[in-house]
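Everything on this sheet refers to the single structure shown next.
Protein chains: 2
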Amino acid sequence: METIRIGDFSFQLDLTKPLYEQVLQQIRYSVARGEVALGTKLPSVRELAQNLKINPNTVMRAYQELDRDHLIETRRGQGTFITDNLKIVEQIRQNLAYEAARSFITAMKELGMDVHTAKSLIEEGDWT
Amino acid sequence: METIRIGDFSFQLDLTKPLYEQVLQQIRYSVARGEVALGTKLPSVRELAQNLKINPNTVMRAYQELDRDHLIETRRGQGTFITDNLKIVEQIRQNLAYEAARSFITAMKELGMDVHTAKSLIEEGDWT
DNA sequence: TAGTTGTATTATATAACTTAATACAACTAA
DNA sequence: TTAGTTGTATTAAGTTATATAATACAACTA
Numbered sequence: 001m002e003t004i005r006i007g008d009f010s011f012q013l014d015l016t017k018p019l020y021e022q023v024l025q026q027i028r029y030s031v032a033r034g035e036v037a038l039g040t041k042l043p044s045v046r047e048l049a050q051n052l053k054i055n056p057n058t059v060m061r062a063y064q065e066l067d068r069d070h071l072i073e074t075r076r077g078q079g080t081f082i083t084d085n086l087k088i089v090e091q092i093r094q095n096l097a098y099e100a101a102r103s104f105i106t107a108m109k110e111l112g113m114d115v116h117t118a119k120s121l122i123e124e125g126d127w128t
Numbered sequence: 001m002e003t004i005r006i007g008d009f010s011f012q013l014d015l016t017k018p019l020y021e022q023v024l025q026q027i028r029y030s031v032a033r034g035e036v037a038l039g040t041k042l043p044s045v046r047e048l049a050q051n052l053k054i055n056p057n058t059v060m061r062a063y064q065e066l067d068r069d070h071l072i073e074t075r076r077g078q079g080t081f082i083t084d085n086l087k088i089v090e091q092i093r094q095n096l097a098y099e100a101a102r103s104f105i106t107a108m109k110e111l112g113m114d115v116h117t118a119k120s121l122i123e124e125g126d127w128t
């Protein structure tokens, strides 16, 4: 799977999920991981579209969803920027982690396993 | 969300995911949870379709995927049955649990968190 | 033999996603 | 002021996955 680097961001697109979803996820996780500085300017809609060889509308859709979450700020005529609000970034990171945990626990319960078993699974697994 | 009961199985369908996927998942988890006895006869393709108010082809697709996993056995002219092989059921249950754990750990790592943090999240969360 | 099973095929419909082309509004820099 | 870059909106078209419908056949049971 090809990796495209552009600025502080890197992207890997495939056909298993909607493109706009992959783009927004990879930006979201880059920021949550702390790989890009707050206030960083994102590539323009057209530039990113060209680099990823996808349609500008698809990039727009990703940017707009991130904007709704206040993870990025779009300024008409200027560009799109990562929020400078650390609180927001931290909260989104916590939420993503919590949601991942919650869906894991839900799956375990659907298999008739309890939280203790879930914990053991995490402890005993080889997650290299 | 309406629950439809039929034999030892119960179904809840919505529009968030493909119908055939929901049907196969709910059968898979029912069996993995041990709610249905090994060798149990499933509703016929047409019967289940009628009860769920969906197309027989959609039920077929669910059954065929479960058949490929050997979780069920289809016998032309007789019907469809849960496997009588306990080993298979146990292995599928373990696999589902493992996959859930793996995808949780993957998400955590994508957020720059380690396995220890993952474990703490599980421990400290209120999963009622 | 009649009725039930799983199975296959062909056609149609629909919704989500993606692309394309175009236009406009807001801002920056020359 | 002007040219070029931004985000944004709109309309149309194409693709794909999913689901339905109708029909037929093969394998089995009673």
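Keeping their order, the protein sequence lines are chains L and H.
Numbered as in the working numbering, the first sequence ends at 128 without a single skipped number.
Numbered as in the working numbering, the second sequence ends at 128 without a single skipped number.
We treat Cβ as the ideally placed atom computed from N, Cα and C, and that holds for glycine.
Check                                                                                                                     : Outcome
Residue(s) in a DSSP beta bridge with L:Val41                                                                             : The amino acid occupying residue 41 of chain L in the given sequence is Lys; Val does not appear at that position. Bridge partners of L:Lys41: L:Phe81.
Same chain, Cβ closer than 7 Å to L:Gln22, five either side skipped, listed in chain order                                : Leu13
Cβ neighbour criterion (16 or more within 10 Å) applied to L:Thr128                                                       : exposed
Contact under 9 Å by Cβ, L:Leu24 with L:Glu65                                                                             : yes
Beta carbon proximity, H:Phe104 to chain L, threshold 9 Å                                                                 : yes
Completely contained alpha helix (DSSP H) runs for the stretch 57 to 113 of chain H, where each covers 4 or more residues : 86 to 110
Proximity winner among L:Leu15, L:Gly7 and L:Arg28, relative to L:Ile54 (alpha-carbon distances)                          : L:Leu15
Proximity below 9 Å, CB of L:Ile82 to CB of L:Val36                                                                       : yes
Minimum Cβ-Cβ distance from L:Lys119 to chain H less than 9 Å                                                             : yes
Short Cβ contact (9 Å threshold) for L:Leu38 with L:Gly7                                                                  : no
Where the beta strand (DSSP E) containing L:Ile4 begins and where it ends                                                 : Ile4 to Ile6
Within 9 Å, strictly: CB atoms of L:Ile4 and L:Asn57                                                                      : no
Best match in H:Val45, H:Gly125 and H:Ala118 for proximity to L:Glu124 [C-alpha to C-alpha]                               : H:Ala118
Coil, strand or helix - H:Gln50 by DSSP                                                                                   : helix
Close-in-space but distant-in-sequence residues of the same chain around H:Tyr63 (CB under 6 Å, 5 per side omitted)       : Thr80
For H:Asp69, the nearest candidate out of H:Ala49, H:Glu90, H:Gln78 and H:Gly77 (CA to CA)                                : H:Glu90
Contacts of H:Tyr29 in chain L (Cβ-Cβ under 8 Å)                                                                          : Glu110 and Leu111
Proximity test, H:Phe104 beta-carbon vs the ligand HEM heavy atom, cut-off 8 Å                                            : Of ligands this structure carries none, so the ligand HEM is not represented either.
Same chain only: Cβ atoms within 6 Å of H:Arg46, ignoring 5 sequence neighbours per side                                  : Pro56
Below-9 Å beta-carbon distance, L:Tyr20 vs any chain H residue                                                            : no
Candidates L:Ser44, L:Leu48, L:Ala107 and L:Ala101, of which the one nearest L:Gly77 by Cα                                : L:Ser44
Simplified DSSP state of L:Gln22, which is helix, strand or coil                                                          : helix
Residue-level contact to chain L via CB, H:Ile122, 9 Å cutoff                                                             : yes
Buried versus exposed call for L:Tyr178 [16 or more other C-beta atoms within 10 Å across all chains shown]               : Chain L is shown only over 1 to 128; residue 178 of chain L falls outside these bounds and no answer can be derived.
C-alpha gap between H:Ala100 and L:Ala107, whole angstroms                                                                : 7 Å
Within chain L, partners of H:Val115 - CB distance below 9 Å                                                              : Ile122, Glu123, Gly125 and Trp127
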